[in-house]
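J.: Chains as they are written, first to last, in this note's numbering: chain A, 72 to 306; chain B, 72 to 306. Beta carbons are placed, not taken as given, at the ideal position from N, Cα and C, and that holds for glycine. Here it is, the structure, as structure tokens.
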DNA sequence: CGGCAGACTAACCGATCGGTCGGTCAGATG
DNA sequence: CATCTGACCGACCGATCGGTTAGTCTGCCG
């Protein structure tokens, strides 16, 4: 299946591939060692020859899955030849193409993030998640400092919105055409730019006539302060 | 065997509660009937007296979890005494308080959405998901028609961004304070308004300043349905 | 009282779980 | 040649899985 990338022998490689596919598709508890062995074309015992336990195999699969994910955002943060707006677009495009281009890995990581606290794999995924998070907030803060982005938006919030949106688009990638206005199969850049434009400009119609908050022009970094401000829908 | 939709007896109620907690925390395959029985304080066989199988119990738990979720957005869509901006804020606030206020249900539904295609419960969750989706896009389209929201944003994209952000905030609710600038424990309205403001105004600094994009200032609703319209920043 | 229905359980079933054990086999090394 | 090593496997283990059976207990209707 995959080219032998690392030290694992061809047998171990087949086991890792089969385990990746199984864990991504069904989750740790839902795929058995027997399933993986059958899929990999090896015996059950051979799996325990290469990996000391099912959990160790899972850890190895996760380690492979999230290897080198945060590097792109960190490199982007360090670049000096790009504007912040362009960086933001490049970031969102990368996130989309990375998620859509490595479906198994994305599925694995999403599954792991879901099991907050209770899963051992969290210790593996979370550092990568955190590194990426810090890099993205850094890019947004850069933009605030050089005047590209509004001072009163919260970088953490924007970062979470981007990450969350990529994940939800990914999870619904096979039924996007059931959402009015969205094509089912489009290059991931299409969705990326859709999201990029929305994140950048917001949804409000006119830049000046808007009733609510966010009059960024004031230039004073209000930071994250009061929660409620404007008119109160009673709902 | 009690009828599926009637009010369950005290025993069945305890089983449903225990199953809800177990399925939400660990997932279908990771919690056993024995676990649920112990948690509910009944015998294993009694579970099969009230529910014909583990899968049927799971279905019942899911049915309870997503009961009446789409109603709020649909009611909001129908209201005529609120502006679209206020509707958007009310919607996001509701989504946050609903997710944070019913942790088990939220966890269950997120877990089910993750298993796209392969899980029987999808047929139960997806209609609710779809109804809510249609109502939210309807609210945004209302705003576009009455001039509150920009014509060139895509309602489906905005809807997915809102839903995705709520979920990611929820999943990381216990470590929000590890994200710089975000308090760990805050009323859900705090996060809701943070997201609301970002969605509404976007991240760009000044409506007419340096960034090439988003010069929506022309003030005339372009009235075109096309999603791609304005100038195109290239990465 | 007897009859009956539903809530409930201990004990059990075959299947499958993660994991182990003893051993085969190919190839490198001497 | 003999020896060793690591990849590999069939058979097996105890535990646990979802689910069944046979039966107990309780309350209600006649």
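Strictly below 7 angstroms CB to CB, what residues from chain A border residue 235 of chain B?
T.: Indexing the second chain from 1 puts residue 235 of chain B at position 164. Within 7 angstroms Cβ-Cβ: 235, 236, 238 and 239.
J.: What is the rounded straight-line gap between the Cα of residue 271 of chain B and the Cα of residue 141 of chain B?
T.: Reading the second chain from its first residue, position 200 is the one you call residue 271 of chain B. Reading the second chain from its first residue, position 70 is the one you call residue 141 of chain B. Going by the C-alpha atoms only, they are around 22 angstroms apart.
J.: Please list the partners that residue 251 of chain A has in chain B, where partner means a Cβ-to-Cβ separation under 7 angstroms.
T.: If you number the first chain from 1, residue 251 of chain A lands on position 180. By Cβ distance, chain B contributes 208 and 227.
J.: Name the chain B residues whose beta carbon is nearer than 9 angstroms to that of residue 185 of chain A?
T.: Locating residue 185 of chain A in the first chain gives position 114, where the first residue counts as 1. Residues of chain B passing the Cβ test: 98, 178, 181, 182, 185 and 242.
J.: Nearest-angstrom Cα distance between residue 171 of chain B and residue 259 of chain B?
T.: Counting from 1 along the second chain, the entry for residue 171 of chain B is found at position 100. Counting from 1 along the second chain, the entry for residue 259 of chain B is found at position 188. Rounded to whole angstroms, residue 171 of chain B to residue 259 of chain B spans 7 angstroms at the Cα level.
J.: Quick one: is residue 257 of chain A buried, meaning 16 or more other Cβ sit within 10 Å of its Cβ, or exposed?
T.: Here residue 257 of chain A corresponds to residue number 186 of the first chain, with the count starting at 1. By the 10 Å Cβ count, residue 257 of chain A comes out exposed.
J.: At which residue ranges does the segment 201-286 of chain B contain complete beta strand (DSSP E) runs of 3 or more residues, listed in the order of the chain?
T.: Fully enclosed beta strand (DSSP E) runs of 3 or longer: not present.
J.: Check whether the Cβ of residue 92 of chain A sits closer than 7 angstroms to any heavy atom of the ligand ATP, and report yes or no.
T.: This structure simply doesn't include the ligand ATP, nor any ligand for that matter.
J.: So residue 167 of chain B and residue 262 of chain B are supposed to be a Cβ contact under 8 angstroms. How far apart are they, rounded?
T.: In the second chain, the residue the question calls residue 167 of chain B occupies position 96. In the second chain, the residue the question calls residue 262 of chain B occupies position 191. About 6 angstroms; that satisfies the 8 angstroms criterion.
J.: Any C-beta of chain A sitting closer than 8 angstroms to the C-beta of residue 84 of chain B?
T.: As a first step, residue 84 of chain B must be located in the second chain, where it is residue number 13. No - not a single Cβ of chain A is within 8 angstroms of the one on residue 84 of chain B.
J.: Given a limit of 7 angstroms on CB to CB distance, which residues of the segment 139-172 of chain A reach chain B?
T.: If the cut-off is 7 angstroms between Cβ atoms, the segment 139-172 of chain A has 156, 157, 160, 161 and 164 near chain B.
J.: Where does residue 97 of chain B fall in DSSP's three states?
T.: Your numbering for residue 97 of chain B matches position 26 in the second chain. Three-state result, residue 97 of chain B: helix.
J.: Rounded to whole angstroms, what's the CA-CA distance from residue 265 of chain A to residue 157 of chain B? Just pull it up for me.
T.: Stepping through the first chain from its first residue, residue 265 of chain A is reached at position 194. Stepping through the second chain from its first residue, residue 157 of chain B is reached at position 86. The alpha-carbon atoms of residue 265 of chain A and residue 157 of chain B are separated by roughly 24 angstroms.
J.: Should residue 93 of chain B be labelled buried (16 or more other beta-carbon atoms within 10 Å of its own) or exposed?
T.: On the second chain, position 22 is the one that residue 93 of chain B refers to. Buried: at least 16 other Cβ atoms inside 10 Å.
J.: Considering only their Cβ atoms, is the gap separating residue 200 of chain B from residue 227 of chain A smaller than 8 angstroms?
T.: For the purposes of this step, residue 227 of chain A is taken as the residue at position 156 of the first chain. For the purposes of this step, residue 200 of chain B is taken as the residue at position 129 of the second chain. Going by C-beta atoms, residue 227 of chain A is not nearer than 8 angstroms to residue 200 of chain B.
J.: What span of residues does the alpha helix (DSSP H) with residue 169 of chain B cover, start to end?
T.: Within the second chain, residue 169 of chain B is the residue found at index 98, counting from 1. Counting along the chain, the alpha helix (DSSP H) containing residue 169 of chain B begins and ends at 155-172.
J.: On a Cα-Cα basis, can you pick out the residue from B:162, B:254 and B:111 that is closest to residue 203 of chain B?
T.: Counted from its first residue, the second chain places residue 203 of chain B at position 132. Nearest option by C-alpha distance: B:162.
J.: Can you tell me whether residue 245 of chain A is buried or exposed? The criterion is at least 16 other CB atoms within 10 Å of its CB, across all chains shown.
T.: For the purposes of this step, residue 245 of chain A is taken as the residue at position 174 of the first chain. Counting Cβ neighbours within 10 Å, residue 245 of chain A comes out exposed, since fewer than 16 surround it.
J.: Got a sec: is the Cβ-Cβ distance from residue 124 of chain B to anything in chain A below 8 angstroms?
T.: Within the second chain, the letter at position 53 stands for residue 124 of chain B. No - not a single Cβ of chain A is within 8 angstroms of the one on residue 124 of chain B.
J.: Do you know offhand how far residue 129 of chain B's Cα is from residue 103 of chain A's?
T.: Here the question's residue 129 of chain B lines up with position 58 in the second chain. Here the question's residue 103 of chain A lines up with position 32 in the first chain. Each residue's Cα considered, the two are about 21 angstroms apart.
J.: Using 10 angstroms around the beta-carbon of residue 120 of chain A, count the other beta-carbons present and answer buried if the total reaches 16, otherwise exposed.
T.: The sequence position of residue 120 of chain A within the first chain is 49, counting from 1. By the 10 Å Cβ count, residue 120 of chain A comes out exposed.
J.: For a contact meaning CB atoms closer than 7 angstroms, what does residue 220 of chain B contact in chain A?
T.: Residue 220 of chain B sits at position 149 when you count from the first residue of the second chain. Under the 7 angstroms cutoff, chain A gives 274, 275 and 276.
J.: DSSP three-state label for residue 148 of chain A, please.
T.: Residue numbering aside, residue 148 of chain A sits at position 77 when the first chain is read from its first letter. In this structure, residue 148 of chain A counts as helix in the three-state DSSP scheme.
J.: Distance check for residue 135 of chain A and residue 115 of chain A, CA to CA, integer angstroms please.
T.: What you label residue 115 of chain A is simply residue 44 of the first chain in a count that begins at 1. What you label residue 135 of chain A is simply residue 64 of the first chain in a count that begins at 1. Computed Cα separation, rounded: 22 angstroms.
J.: Assuming residue 210 of chain B and residue 253 of chain B are in contact, meaning their beta carbons sit under 8 angstroms apart, how far apart are those beta carbons, in whole angstroms?
T.: Position 139 of the second chain, counted from the first residue, corresponds to residue 210 of chain B. Position 182 of the second chain, counted from the first residue, corresponds to residue 253 of chain B. The pair is not a contact, with the Cβ atoms about 27 angstroms apart (cut-off 8 angstroms).
J.: List the endpoints of the continuous alpha helix (DSSP H) containing residue 129 of chain A.
T.: As a working mapping, residue 129 of chain A is identified with position 58 in the first chain. 125-136 is the extent of the alpha helix (DSSP H) around residue 129 of chain A.
J.: In chain order, what residues of the same chain lie with their CB nearer than 7 angstroms to the CB of residue 83 of chain A, ignoring the 5 residues before and after it?
T.: Walking along the first chain from the start, residue 83 of chain A turns up at place 12. Around residue 83 of chain A: 121.
J.: I want to verify the contact list: residues of chain A whose CB lies under 7 angstroms from the CB of residue 101 of chain B, in sequence order.
T.: Position 30 of the second chain, counting from 1, holds the residue named residue 101 of chain B. Under the 7 angstroms cutoff, chain A gives 100.
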